[in-house]
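Under the numbering used here, residues -19 to 311 are what the sequence shown spells out, in order.
Just below is one structure, and these are the notes that go with it.
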Amino acid sequence: MKLANKELKMLLSCIKKDSRVIIPPMIGYDSGVHLLDGKYIAVATDPCTGVPKEWFGWLLINYAASDVALSGAKPEFCTINLLGPKSTKPATFQKIMKQTCQAADELNIAIVRGHTGMYDSLSDLLGVATVYGSVQPEKLITPANAKPGDLILCTKSIGLETVVNFSLIHKVLAQKLFGVEQQEKLANQVRMQSCVKEALQLAEISGVHAMHDATEGGFIAALNELAEASKVGFRVNWEKIPVCKEVLALQDYFKFNGNQVLAVSSTGTILAAVDAQAQEKVKSALSSNGLSACFLGEFTENKERVLIKAGEEVPFPQVADDPYTLILSGT
């Protein structure tokens, strides 16, 4: 769960401005950027905890690498922290480190430094990865460049991360809710929680103006943050939003509301602002990765945020109440 924006702004106000920092820590940005020898260095850091243990190291690398790629920078280097309770066995760390190294190798990321420790104050495994990558200044992409008239692009179904992790952690219940065949299919889609490859491809397309990952807070948080950063509004069509049907099954089982459906964590799903003339190139790039381009509405000069549902215009939700933790608890 993230801090509320008001509290987060107070936290960030302590940070001193520095002319070398191009993008300092700000709400809604996937990575920060600093200047080094005429290049921009994109930096992202992310925690990893409460995820399927067999994918812990892979997710640890890909969470932060995805954030860097969304800026148009190729992930190149990283540092790793692996922490656990005092009872953590060395073999557990070794297993996770092997996963981590394999994931870094897949993306050609060099592991530069790290730290491992066991602490009384921890009750579960915790990993933190910081990933670095370089990008030419003119190719930098941020969430702050959506333009009025840009189309709202969504690259994967909302809630995919959540239903995949649920299928792995709560296999029996997932089989009951989704069916045995679908549970097995979802359990093999963990790699969809990375957006490194498609983000780097989209970044090369002229007309892709802004990108953001729908992580904690899902579609609601990501779209609001894009609009806030770009100082625009939007109109989005409910019927066009791709929501995993399994999320609706979870909604019925756990009794959460419709707004929470759109707020469910969807790591690996990119929301982007795309010039209408770039639609075909975007569709082609995503198709080469086995993905479909869903265009859900458009950004507007008018700063109103509108959800069109069953032909009626209603205010888009401002608060993202993400049910991820409730769902993954299985109770």
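Backbone N, C-alpha and C fix where the C-beta goes; we use that ideal spot for every residue, glycine too.
- Look at residue 2 here: in three-state DSSP terms it is strand.
- Residue 194 is a Cβ neighbour of residue 202, given a cutoff of 8 Å.
- If you look at residue 94, you'll find it in the beta strand (DSSP E) that goes 90 to 99.
- Unbroken beta strand (DSSP E) runs of no fewer than 3 residues, entirely contained in the stretch 155 to 210, are found at 188 to 193, following chain order.
- DSSP places residue 78 inside the alpha helix (DSSP H), whose first and last residues are 70 to 86.
- Annotated three-state conformation of residue 62 is strand, per DSSP.
- Here residue -10 is exposed: its Cβ has fewer than 16 other Cβ atoms, across all protein chains shown, within 10 Å.
- Counting of Cβ neighbours within 10 angstroms places residue 285 among the buried residues, the total reaching 16 or more.
- Going by DSSP, residue 41 is part of the alpha helix (DSSP H) stretching over 36 to 49.
- Residue -17 and residue -8 have their C-alpha atoms some 11 Å from each other.
- Contact check for residue 142 against residue 227 passes: the beta carbons are separated by less than 8 Å.
- Taken through DSSP and simplified to helix, strand or coil, residue 24 comes out as strand.
- Rounded to whole angstroms, residue 44 and residue 292 show a C-alpha spacing of 38 Å.
- Following the DSSP letters along the chain, one finds residue 229 inside the alpha helix (DSSP H) bounded by residues 225 to 234.
- As the crow flies, the alpha-carbon of residue 174 is around 8 Å from that of residue 39.
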